[in-house]
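Asks:
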Amino acid sequence: MLGQLRIWALMSVAFALTAGPLSAAPYALDPKRSEVRFSYSLPLSTGKARFTGVTGTADIHDEAPEKGTVDVLIDTRTLRASDRLAEGELRGKDFFAVAKYPTMHFKSRSIRARSTTSYDLTGDITVRGISRPILLHIDLQPPNAAGVRQMRATTRLRRSDFDMTAYGFLVGDVVEIDIRSPLVPSR
């Protein structure tokens, strides 16, 4: 019995040494299932919209999260809103100006672990050609059997920081953002 335990322990150590780090892998946001949802206050309700054209990469280091990087591109032309009037306004020159600015870009600067599945991700977001710092709160699940991880990020920003000031008497300045994406191994 003791001999079998020793063999098992040696095999486990050998496997661990050949397997390398638990996870220091590049991932891609799944473009078919990723989306950025946002909401904003109106006088008697909440406006809601989303972007479905979300692509990007995430280099994840479970053993040393601070080494990770994230780079995401959002196609503003994929904007969908709860009604046609809101969608037209949001796509127009006073808000996202999708004809002139067809993409938004996020690039990380630092990552800080809050727990084994929760992180603060600091980076820069560029909207309408204007770059601003942003802090995202990330929940990242461990990989499933296929290596896919589920990611959710939340944050707030002010639309006025990106020169979206139209209808200030009707539309709140603070925008709540909710990002959801499966991350698939890109190796």
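In this note's numbering, the protein residues as written are 4 to 190.
Yeah, the Cβ is synthetic: ideal placement off N, Cα and C, and Gly gets one too.
Given this structure, state the Cα-to-Cα distance separating G171 from L160, to the nearest angstrom.
Replies: Computed Cα separation, rounded: 15 Å.
Asks: Rank F98, V101, T79 and F109 by C-alpha distance to the C-alpha of L139 and give the top, closest one.
Replies: Taking only the C-alpha atoms, the option nearest L139 is F109.
Asks: So that I know if they touch, is there some Cβ in chain D lying closer than 8 Å to that of A31?
Replies: Reference to chain D is not applicable here, since this structure consists of a single protein chain.
Asks: Applying the criterion that 16 or more other CB atoms from any shown protein chain within 10 Å of the CB defines a buried residue, is R94 buried or exposed?
Replies: Its Cβ being crowded by 16 or more others within 10 Å, R94 is buried.
Asks: Which same chain residues, not among the five before or five after Q153, have their C-beta less than 7 Å away from its C-beta?
Replies: Cβ within range, chain order: Q144 and P185.
Asks: Which residues in the same chain have their Cβ closer than 6 Å to the Cβ of R83, if we skip the five residues on either side of it in sequence?
Replies: Answer for R83: R53, listed in chain order.
Asks: Let me know the secondary structure DSSP gives A102 once reduced to three states.
Replies: In the structure shown, A102 sits in coil (DSSP, three-state: anything other than H, G, I, E or B).
Asks: Does L88 pass the burial test, meaning 16 or more other C-beta atoms within 10 Å, or should it be called exposed?
Replies: With fewer than 16 Cβ atoms within 10 Å of its Cβ, L88 is classed as exposed.
Asks: For the alpha helix (DSSP H) containing L88, name the first residue and the last one.
Replies: Looking at the DSSP string, the run of the alpha helix (DSSP H) that includes L88 is R87 to R94.
Asks: So, under 8 Å CB-CB, Y104 and T79 are touching, yes? Tell me the CB distance rounded to an integer number of Å.
Replies: Going by Cβ atoms, the distance from Y104 to T79 rounds to 6 Å, so yes, they are a contact pair.
Asks: Could you compute how far the alpha carbon of V191 sits from the alpha carbon of E92?
Replies: Here the chain has residues from 4 to 190 only, and residue 191 is not among them.
Asks: Do G71 and I133 have their CB atoms nearer than 8 Å?
Replies: No. Outside cutoff.
Asks: Let's test the definition: count the other Cβ atoms within 10 Å of the Cβ of R162 and tell me whether it reaches 16, buried, or not, exposed.
Replies: Looking at its Cβ environment, which holds 16 or more other Cβ atoms inside 10 Å, R162 is buried.
Asks: Just tell me which of I182, P136, A31 and F98 has its CA closest to the CA of I63.
Replies: Nearest option by C-alpha distance: A31.
Asks: For I141 versus M107, is the C-beta distance shorter than 8 Å?
Replies: Not in contact: I141 and M107 (Cβ atoms no closer than 8 Å).
Asks: In the structure shown, what three-state DSSP assignment does E38 receive?
Replies: Three-state DSSP puts E38 in a strand.
Asks: Please state the DSSP three-state secondary structure of E69.
Replies: Reduced to three states, the DSSP call for E69 is helix.
Asks: State the DSSP-derived secondary structure class of R131, mapped to helix, strand or coil.
Replies: Correct three-state label for R131: coil.
Asks: Write down the C-beta distance between T60 and P29 rounded to the nearest angstrom, noting that I regard them as a contact closer than 8 Å.
Replies: Their Cβ separation, rounded to whole angstroms, is 6 Å, which keeps T60 and P29 in contact under 8 Å.
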